[in-house]
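Here's the structure we're looking at; comments come further down.
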Ligand SMILES: NC(=O)c1ccc[n+]([C@@H]2O[C@H](COP(=O)([O-])OP(=O)(O)OC[C@H]3O[C@@H](n4cnc5c(N)ncnc54)[C@H](O)[C@@H]3O)[C@@H](O)[C@H]2O)c1
């Protein structure tokens, strides 16, 4: 039985991970970390990583960037593999995560869904075949999401950019610069409202037509399942940086 520490256990995704584990006989929740205590659980919840008593086999992190960095330090000191799903990380934090992966196994994906990772490959292939089209990414999420654009939108853009030899510039804000779009630009639009789990559309606009590729997530359980797949994958692995591409 794999013993899991959930970082951000009180959050929406923390709850989904608890639910997914309760339906999976390979896993059990050992403990949780969050900024507030919660006595509703049968496992202990810590508000300070320095107080954690039981050592888990793996950490699953769905929290906020500052909490991710705190739990990473705990993971490094205790040699525990970690799955990082938290998004909205700064470039410096992303770089730091790579440094931690030189000491412990780190599995990271801004989107733990298999289909999105497949979409990542598809849009890269389309971009290579539809050169000269205007590429725009539209993402829609619930009204509680704080970061924009979504980590998934960036994941899709990075995949396209890689396929095009890193020749693309990202435009996050058309309001500041009054100028027409550049050919080598990927534009991002973020829509926030209601209870949308996550929708991503990559548009390839030509002169006479437009190809759109869309993914719609209906349930957050999808991401929890993916994170557990990541957890199963990195347990017993050597230190290093792992992503969904390794599983695909
Ligand atoms: N990679 C993926 O597939 C994927 C999917 C869904 C969500 N996410 C990301 O996961 C993160 C969490 O999403 P959510 O919807 O559960 O958000 P949420 O706001 O519901 O939950 C975040 C939790 O982190 C806790 N937290 C805040 N500060 C903390 C601290 N200092 N220490 C410990 N815990 C702290 C909050 O109290 C909260 O319980 C977000 O970054 C979101 O974008 C990733």
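Numbering (this note's numbering), first residue to last: 6 to 253.
Note that the Cβ used here is the ideal one computed from N, Cα and C, for glycine as well.
The C-beta of residue 180 has fewer than 16 other C-beta atoms within 10 Å across all chains shown, which makes the residue exposed.
Pairing residue 235 with residue 48 gives a Cβ-Cβ distance that is not under 9 Å. Within the same chain, 147 come within 6 Å of residue 200 by CB-CB distance, once the 5 residues on both sides are set aside.
The beta-bridge partner set that DSSP reports for residue 52 is empty. Between residue 88 and residue 75, the gap from beta carbon to beta carbon reaches 9 Å or more.
Residue 52 is a Cβ neighbour of residue 41, given a cutoff of 9 Å. Cβ contact annotation for residue 141 (same chain, cutoff 6 Å, sequence separation greater than five): 192 and 208, in chain order.
Relative to ligand 1, even the nearest heavy atom lies 8 Å or more away from the CB of residue 215.
When the five nearest sequence neighbours on each side are left out, the beta carbons in the same chain lying within less than 7 Å of the beta carbon of residue 66 are those of 12, 13, 73, 76, 87, 88, 89, 90 and 91, in order along the chain. Sequence-distant Cβ neighbours of residue 221 in its own chain, meaning closer than 7 Å and more than five residues away, are 204. Comparing C-alpha distances from residue 246 to each of 159, 108 and 25 shows the shortest one belongs to 108. Residue 9: member of the beta strand (DSSP E) spanning 7-12, first to last residue. Comparing C-alpha distances from residue 134 to each of 169, 162, 157 and 122 shows the shortest one belongs to 169. For residue 152 against residue 93, the beta-carbon gap comes to about 3 Å, under 8 Å, which counts as contact. Distance from the C-beta of residue 221 to the nearest heavy atom of ligand 1 is not below 8 Å. Across the set 130, 165, 219 and 137, the C-alpha of 137 shows the shortest separation from the C-alpha of residue 213. Per DSSP, residue 113 is one residue of the beta strand (DSSP E) stretching across 110-113. Assignment of residue 217 by DSSP, reduced to helix, strand and coil, places it in the strand class. Within the segment 185-240, the runs of beta strand (DSSP E) that reach at least 3 residues and sit entirely inside it are, in chain order, 190-197, 203-210 and 215-222. Rounded to the nearest whole angstrom, the CA to CA distance from residue 62 to residue 143 is 38 Å. Using a Cβ distance threshold of 9 Å, residue 161 and residue 121 count as a contacting pair. In terms of Cα proximity to residue 6, the closest of 176, 127 and 27 is 27. By the CB criterion at 9 Å, residue 81 and residue 105 fall inside the cutoff.
Under the DSSP definition of a beta bridge, residue 32 partners with 7. Secondary structure at residue 139: strand, using DSSP grouped into helix, strand and coil.
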